[in-house]
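S.K.:
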Amino acid sequence: MIAAGCVAACGMAGILLGGHSAAPELRQRFDLIGALQCYRHLRHMPTAQVLYLAVEGGLVLGCFAYFVAIQQARGLGGAAEAGLTVAAFGCGGLVYAAIAKVALRRFGQRRLVRLGGALCLLALMGFGFATSAWLFIAGGLMLGVNMYLIHNMIQTRVTELMPQARGSAVALHAFHFFVGQTLGPVLYGLTLSQLGGAIAFPIAGACLLGLSFLLGRPSNAH
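Read in order, the letters of the sequence shown correspond to residues 0 to 221 in numbering that gives the first Met the number 0.
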């Protein structure tokens with residue numbers, strides 16, 4: 000708590016001291032009609048429809064709520080192991096940040112996002128068929144690394160949709176992402192109860208793989 004307070008205080012001091020030297024920000028009056036027209040234009044872009052309707056947050060984050068029940072049912076552990084799986088997913092984000100520059104230079108953006116989709120499929124299949132807690136946790140790490148490959152590609156493409164209204168494009172992406180994250184547990188709950196993890200997880204992985212191949216196509220937003 001003390002360390003967090005010190006970091007927050009230093010950050011606030013930096014903002015206050017550095018703000019005076021910054022160039023004045025150009026401000027415009029809010030135009031509701033113009034904003035709605037931007038959203039309407041975005042929703043009719045073919046590329047935007049793929050990016051927004053992908054809702055990859057639901058395909059990935061929706062399963063977290065069921066980790067405890069799945070691992071208990073298979074005798075792989077319980078809340079502790081489920082927590083480690085989620086923590087491994089978070090660590091995957093750190094791994095992604097560490098390797099992204101090198102991987103992008105080595106594979107290129109389009110091949111990298113397709114690789115990410117394939118490995119997301121493998122990670123989700125690991126959740127469906129894991130026979131030990133450590134395999135399940137390893138699936139969380141792999142999913143964390145490769146979900147961010149897809150998510151970063153989506154975010155990059157979103158900022159390119161309408162440069163003159165980039166804020167609106169990103170806001171619409173955030174809306175769809177969190178809607179997907181909200182619906183994800185519901186959809187996972189239905190598929191897990193009706194089909195079981197051995198089918199539900201590969202279906203989600205196949206959807207991510209298909210999304211990654213769509214994202215890997217040349218952009219035609221304009």
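Think of the CB as a built atom: it goes at the ideal place given N, C-alpha and C, for glycine as much as any other residue. Because the structure is a prediction, the values reported are computed rather than measured.
Between the Cα of GLY92 and the Cα atoms of TYR147, GLY57, PHE106, which residue gives the shortest distance?
M.R.: TYR147
S.K.: Between which residues of its own chain and PRO201 is the CB-CB distance below 8 Å, once the five residues before and five after are set aside?
M.R.: LEU120, LEU123, MET124, GLY127
S.K.: What would DSSP say about LEU111, mapped onto helix, strand or coil?
M.R.: helix
S.K.: Name the two residues that bound the continuous alpha helix (DSSP H) containing ARG105.
M.R.: 78–106
S.K.: Tell me where the alpha helix (DSSP H) around THR181 begins and ends.
M.R.: 165–194
S.K.: What residue from ALA81, ILE198, ILE153 has the CA that sits closest to GLY115's CA?
M.R.: ILE153
S.K.: By the three-class DSSP mapping on this structure, what secondary structure does CYS119 have?
M.R.: Residue state, collapsed to three classes: helix.
S.K.: In angstroms, rounded to a whole number, what distance separates the CA positions of GLY138 and GLY82?
M.R.: 13 Å
S.K.: Just verifying my parser: in three-state terms, what is the DSSP assignment at CYS206?
M.R.: helix
S.K.: Leaving out five residues before and five after VAL94 in sequence, what residues of the same chain have Cβ atoms less than 6 Å from its Cβ?
M.R.: VAL144
S.K.: Going by the beta-carbon positions, is the gap between GLY56 and PHE212 smaller than 8 Å?
M.R.: For GLY56 and PHE212, no; Cβs fall outside 8 Å.
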